[in-house]
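Undergrad:
There are 2 protein chains.
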Amino acid sequence: MTSRPSAEPRDIPEATVARLPVYLRALTTLAEDGVATCSSEELAQATGVNSAKLRKDLSYLGSYGTRGVGYDVAYLRYQIARQIGVTQDWPVVIVGIGNLGHALANYSGFRSRGFRVVALLDADPSRQEEVVAGVDVRPFDDLEAIVEECGVAIGVIATPAAAAQDVADRMVAAGIRSILNFAPTVLAVPEGVDVRKVDLSIELQILAYHEQRKSPHLALTPIEEPAI
Amino acid sequence: MTSRPSAEPRDIPEATVARLPVYLRALTTLAEDGVATCSSEELAQATGVNSAKLRKDLSYLGSYGTRGVGYDVAYLRYQIARQIGVTQDWPVVIVGIGNLGHALANYSGFRSRGFRVVALLDADPSRQEEVVAGVDVRPFDDLEAIVEECGVAIGVIATPAAAAQDVADRMVAAGIRSILNFAPTVLAVPEGVDVRKVDLSIELQILAYHEQRKSPHLALTPIEEPAI
DNA sequence: AGGAGTTTGTGAACGTGAGAACAAAACCGG
DNA sequence: CCGGTTTTGTTCTCACGTTCACAAACTCCT
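Sequence order for the protein chains is A and B.
Residue 152 is where the first sequence starts when you use my numbering, and the numbers rise one by one after that.
Residue 152 is where the second sequence starts when you use my numbering, and the numbers rise one by one after that.
1. List the whole-angstrom C-beta distance separating V243/B from R218/B, where the pair is believed to meet the contact cut-off of C-beta under 8 Å.
2. Given W241/B, which residues of its chain have a CB within under 8 Å of its CB, disregarding the five upstream and five downstream residues?
3. Could you pull out every residue in the same chain whose Cβ sits closer than 8 Å to the Cβ of V269/B, ignoring the five residues on either side in sequence?
4. For P164/A, which residues from the same chain have a beta carbon less than 8 Å from its beta carbon, with the 5 sequence-adjacent residues on both sides left out?
5. For chain B, find out if any of its Cβ atoms is closer than 9 Å to the Cβ of S214/A; answer yes or no.
6. Within the segment 258-339 of chain B, note down every full beta strand (DSSP E) run reaching 3 residues or more, in order along the chain.
7. Please list, in chain order, all residues of the same chain as E295/A whose beta carbon is under 6 Å from its beta carbon, the five residues on each side excluded.
8. Over the uninterrupted beta strand (DSSP E) stretch that includes V224/A, give me the two end residues.
9. Report the neighbours of P335/A on chain B: residues whose CB is nearer than 7 Å to its CB, in chain order.
10. I need the straight-line Cα distance from S366/B to E354/B, nearest angstrom please.
11. Can you grab the Cα-Cα spacing for the pair T167/A / S214/A, in whole Å?
12. Which chain A residues are close to V349/B, counting only those with a beta carbon under 8 Å from its beta carbon?
13. Can you list, in chain order, the residues of the segment 297-325 of chain B whose Cβ is nearer than 7 Å to any Cβ on chain A?
14. Using alpha carbons as the reference points, say which of Q316/B, H361/B, E342/B lies closest to P335/B.
15. Is it the case that the Cβ atoms of A256/B and S329/A are separated by a distance below 9 Å?
16. Rounded to the nearest angstrom, how far is the Cβ of V344/A from that of V318/A, given a contact under 8 Å?
17. Interface residues of chain A around T198/B at Cβ under 7 Å?
18. Anything in chain A within Cβ reach of R264/B, meaning under 8 Å, just list it in chain order.
19. Closest by CA to A339/A, which one among T179/B, T198/B, L178/B?
20. Could you tell me whether any Cβ in chain A is nearer than 9 Å to the Cβ of V168/B?
21. Quick check: is any heavy atom of the ligand COA less than 8 Å from the C-beta of F266/A?
22. What is the DSSP secondary structure of T238/B, reduced to helix, strand or coil?
23. How would you write the range of the alpha helix (DSSP H) that R347/A sits in, first residue to last?
24. Note down the Cα distance separating G236/A from Q356/B, rounded to an integer number of angstroms.
25. Give the interface partners of D345/A over in chain B, defined as CB-CB distance under 9 Å, in chain order.
26. Assign G252/A to one of three DSSP states: helix, strand, or coil.
27. Let me see if you follow: with CB-CB separation under 9 Å, is I248/B close to chain A or not?
28. Could you compute how far the alpha carbon of R278/B sits from the alpha carbon of T310/B?
29. Does any residue of chain B have a CB that is nearer than 9 Å to the CB of L251/A?
30. Any beta carbon from chain B within less than 9 Å of V285/A's own beta carbon?
31. The alpha helix (DSSP H) spanning Y211/A covers which residue range?
32. Alpha helix (DSSP H) containing I163/A: first to last residue?
33. What residues in its chain sit with their C-beta under 7 Å from that of G321/B, if we drop five residues either side in the sequence?
34. Can you name the residues of chain B whose CB is closer than 8 Å to the CB of G185/A?
35. Is there a Cβ from chain B that is less than 9 Å from the Cβ of G236/A?
36. To which residues does DSSP link G216/B through a beta bridge?
Set out below in structure tokens:
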């Protein structure tokens, strides 16, 4: 979202990268159901994308399909995982163990998809006695030590908005170069650091925009226009 | 994400719609700080976008700036809120009161940004005794009654993946036409229903992809390639 | 062995979005 | 009242993403 590192081998478009995890999940489900092979049409249905788009996406990874047959589920699944980089486990730190931090720490989807929560950090001493999801909450000041010790490259910010920029600065200084930000703030980070933002109320507002246009809604402007 | 309703007045590009809430938040902050006027350059800095892009975005709403001066913060803020549709309060139901549902119910950002959680629903009877954020958890079967009674148009799904499609079907049948889905599944919904997806592990995987290309990472393929 | 039927991979056309650049419009100081 | 300065609104160009359409390639059945 901030800067794009120069990719070496084959340059995969950003839009494609964003869809690869979706394909990966669908393939995992298919594999669990014992499906050995699937066509681009089937996979497209399962993931809700156009089949031509899907084929083009996969073609950036290489030619892993067989014409007239389709794709080998296990093999394609592995190739996508390798491209994304989730064949290895990524250590992750979560900062801010409030409601959302709790939910994130307990989210089993991380572990099963190539991520391992190695530390939970919070500046509030009263939270540092807790143990969440088998990991004990440690003081935020331990950040640098943990990053060093575990080789953490990815940080998750689940603090209030006011604290987010400070946390980000400390993370960057500690060597973290990829940040997933749940705080409703725009983060300023140096070149070479990637930030992705997840914002709950923005998503709702986008829905509201479309919803408003669906029905000629009853009340038009219940709140007063401010005087200029 | 599924179907686009035909917009009547001026058609605002989807990319612009996604940025309007960001501008809205920045303007709110500026207003709270007592700033009366700001230029496109200042607002662009605060939101992390290109100033030309920002001006183009705002031009879709109308000509609300003054050349040589900039934008009136309060006035622009109102105009954006009106376009998005958050001058009125949107009633919202949350289904699935697990870790994430708790966090969502407690998230104060909803209330302050045009949304009101009118009901928390869960199929598990043991959860139905709880009171979360001042709202008591009710059985999922109350969905239709609540939607009818409160005029709910937006639903949030925070259930496990396995239950999500059923919940979505019930929501659609009850009259909900906009769904924010936190479950890691692709939802199938009829034409005219909007679904937006928020997926935590997908965001992390996208970060992992870029992270992998930043450093020529030590271990390349620690997991075995499956035999074909 | 060969033809019919499938399904991939990709070239080409189209649409959308981003950013540079600039003219038009407003304010300000003298 | 007028020239200089600032900043918006918009046009133009380029890059990116999506979709169609089809040839190439593979399997299966006779």
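Note that beta-carbon positions come from the ideal geometry of N, C-alpha and C, so glycine has one too.
Quick caveat, the model's predicted, so the values are computed rather than measured.
TA: This is what the structure gives:
1. In fact, because the Cβ distance is near 40 Å, the residues do not count as touching under 8 Å.
2. G265, F266, R267, A304, I305
3. These residues qualify, in order along the chain: P242, V243, V244, V286, I297, C301, V303.
4. Non-local C-beta neighbours of P164/A in its own chain, meaning closer than 8 Å and more than five positions away in sequence, comprise Y211, ordered along the chain.
5. no
6. 266-273, 286-290, 305-308, 329-332
7. For E295/A, the CB contacts under 6 Å within the same chain, skipping 5 residues up- and downstream, are A325 in chain order.
8. Per DSSP, V224/A belongs to no beta strand (DSSP E); it is in the alpha helix (DSSP H), 224-235.
9. The answer, in chain order, is R176, G260.
10. 19 Å
11. Rounded to the nearest whole angstrom, the CA to CA distance from T167/A to S214/A is 16 Å.
12. V349, L351, E354
13. A304, I305
14. P335/B has its Cα closest to that of Q316/B, out of Q316/B, H361/B, E342/B.
15. no
16. That belief does not hold up - the Cβ atoms of V344/A and V318/A are roughly 13 Å apart, past 8 Å.
17. Here the neighbours are V337.
18. S352, L355, Q356
19. T198/B
20. V168/B counts as touching chain A.
21. Within the structure as shown, the ligand COA is missing, as the structure has no ligands at all.
22. For T238/B, the three-state secondary structure derived from DSSP is coil.
23. Note, R347/A: premise wrong, no alpha helix (DSSP H); beta strand (DSSP E) at 345-348.
24. The straight-line gap from Cα to Cα measures roughly 8 Å.
25. The contacting residues are I357, L358, H361, E362, K365.
26. helix
27. no
28. 13 Å
29. yes
30. Reading off the sequence shown, one finds Gly at residue 285/A, where the question assumed Val. Not one chain B Cβ lies under 9 Å of G285/A.
31. 202-212
32. It is not in any alpha helix (DSSP H) - I163/A carries neither H nor E in the DSSP assignment.
33. Reading off the sequence, residue 321/B comes out as Arg, not Gly. Correct list, in chain order: L294.
34. Within chain B, no residue comes near G185/A; the closest Cβ sits about 15 Å away, beyond 8 Å.
35. yes
36. Y222/B
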